[in-house]
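Note sheet for the following structure.
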Amino acid sequence: MSDFIITPTMFKHIFGQATIQCAIIFAMMFAGENFIPEYGNGKSIYYNPSSEDYVKSGRDYNFKGDKDCYWLYNNTDIGPSRMVTFIFNVFVLFQLFNEINCRKLQDETCILSNITKNWLFVFIWFVIFWVQVIMVEAGGWAMGCHLDGFTVEQWFICIAWGLVPIVSRWLIILIPFKDKILVLLLRS
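This is the structure:
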């Protein structure tokens with residue numbers, strides 16, 4: 003018996019999605035304060051000092067090793083940063099939309115075909131989505147999320163980022179992948 007549980011096509015999609023998602027999450031973690039927008043005002047809203055259109059970094063220390071947002075960490079009026087909440091939310095939405103991708107195991111392009119025939123999948127998908135909304139909006143300190151949750155604009159931005167796995171699937175389908183490459187990788 004020489005068949006693999008993970009086929010070469012599945013490996014291509016797993017590796018491709020992991021690479022794209024990790025690159026985006028790392029970019030958000032290390033440079034998010036330069037492109038994640040901040041909306042609203044209030045005592046728990048802190049803007050990036052170099053550009054008031056973006057969130058303040060959620061990292062305790064900056065790249066030089068100096069304390070960056072360390073002073074915010076234990077302030078009960080402010081709570082966890084919106085940048086880190088944004089990253090958490092985008093990560094969960096990546097996985098949620100990737101669940102739709104994973105319904106098709108080969109290079110099929112129509113991932114929504116027959117989705118309504120599996121009502122349990124649709125039900126669980128929406129339950130996970132709404133639990134995520136509740137965690138972000140009401141989780142606060144318990145979930146390590148920003149105390150004010152997100153604005154409507156930030157939710158739309160997170161959902162747009164969450165759709166990246168759907169779009170990247172179509173790009174990954176275009177990548178040719180031979181069975182021999184996987185065999186060499188798995189046997190080495």
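So for the sequence shown, the working numbering puts the first residue at 3; every next one is plus one.
Virtual Cβ for every residue (Gly too), placed ideally from N, Cα, C.
Collapsed DSSP secondary structure at residue i in the structure displayed
| i | result |
| --- | --- |
| residue 10 | helix |
| residue 1 | With the chain covering 3 to 190 only, the question about residue 1 has no answer from this structure. |
| residue 2 | In the structure as shown, the chain begins at 3 and stops at 190. Residue 2 is therefore absent and cannot be evaluated. |
| residue 153 | coil |
| residue 178 | coil |
| residue 110 | coil |
| residue 116 | coil |
| residue 47 | coil |
C-beta contact flag for residue i and residue j at 7 Å
| i | j | result |
| --- | --- | --- |
| residue 15 | residue 113 | no |
| residue 151 | residue 133 | no |
| residue 248 | residue 91 | Residue 248 lies beyond the range of the chain shown here (3 to 190); nothing can be said about it. |
| residue 108 | residue 11 | yes |
| residue 153 | residue 41 | yes |
| residue 27 | residue 93 | yes |
| residue 130 | residue 95 | no |
Per-residue burial, residue i [other beta carbons within 10 Å of its own, 16 or more giving buried]
| i | result |
| --- | --- |
| residue 54 | exposed |
| residue 32 | exposed |
| residue 128 | exposed |
| residue 83 | buried |
Distance, residue j Cα to residue i Cα
| i | j | result |
| --- | --- | --- |
| residue 35 | residue 119 | 42 Å |
| residue 165 | residue 5 | 33 Å |
| residue 18 | residue 58 | 31 Å |
| residue 124 | residue 135 | 17 Å |
Is the number of C-beta pairs between the region 83-101 and the region 142-153 that are closer than 8 Å three or more? yes
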